[in-house]
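Numbering (our numbering), first residue to last: 21 to 164.
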């Protein structure tokens with residue numbers, strides 16, 4: 021039996037968490053002025069997958085709040101229905117038996133979440149250019 025086969029689902033979640041946070045920290049080390057927007061794992065129509073997704077999301081949220089507050093963590097609770105699963109408005113309509121993939125409404129909602137995260141200024145209301153210039157980095161000229 022391989023080590024992967026012996027892993028419990030919780031071990032797998034911790035492994036993914038450690039890999040993801042290591043990648044984030046590597047990006048921040050190599051390019052310290054990069055703004056990182058982190059999307060949580062979205063809910064699905066399958067309860068046991070949602071349990072794992074929520075566990076990972078809770079770990080990521082705790083990481084952002086307590087360890088690495090420079091990261092923007094997207095709010096995903098709008099995607100959760102009253103049953104704790106992916107809300108029916110956001111499910112794939114072409115295949116109602118598909119409990120995992122987003123439908124058109126879900127894709128539009130997710131795109132809106134990314135747009136809102138990227139375009140909304142941080143709490144100090146400085147523009148992206150003023151943040152860059154105050155850090156000594158000059159933005160490239162338009163058209164390049």
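Just so you know, even glycine gets a beta-carbon here, dropped at the ideal spot from N, CA and C. Please read these numbers as outputs of a predicted model, since none were measured by experiment.
Could you tell me which residues DSSP pairs with residue i in its beta bridges?
| i | result |
| --- | --- |
| residue 106 | 100 |
| residue 57 | 92 |
| residue 111 | 122 |
Take residue i as the anchor and find which of the options has the nearest alpha-carbon.
| i | options | result |
| --- | --- | --- |
| residue 92 | 113, 54, 46 and 128 | 54 |
| residue 165 | 132, 37 and 50 | The displayed coordinates of the chain run from 21 to 164. Any statement about residue 165 would go beyond what the structure contains. |
| residue 104 | 79, 90 and 67 | 67 |
| residue 76 | 32, 88, 49 and 132 | 32 |
| residue 87 | 44, 128 and 140 | 44 |
| residue 52 | 139, 94, 102 and 90 | 90 |
| residue 40 | 85, 102, 80 and 69 | 80 |
| residue 101 | 109, 132 and 94 | 109 |
| residue 70 | 46, 85, 99 and 139 | 99 |
Along the chain, where does the alpha helix (DSSP H) that runs through residue i open and close?
| i | result |
| --- | --- |
| residue 72 | 67 to 86 |
| residue 132 | 124 to 139 |
Heavy atom of the ligand FMN less than 7 Å from the Cβ of residue i, yes or no?
| i | result |
| --- | --- |
| residue 48 | Of ligands this structure carries none, so the ligand FMN is not represented either. |
Exercise for the section: Determine, using beta-carbon pairs with one atom in the stretch 109 to 128 and one in the stretch 55 to 75, whether at least three such pairs fall under 8 Å. Expected result: yes
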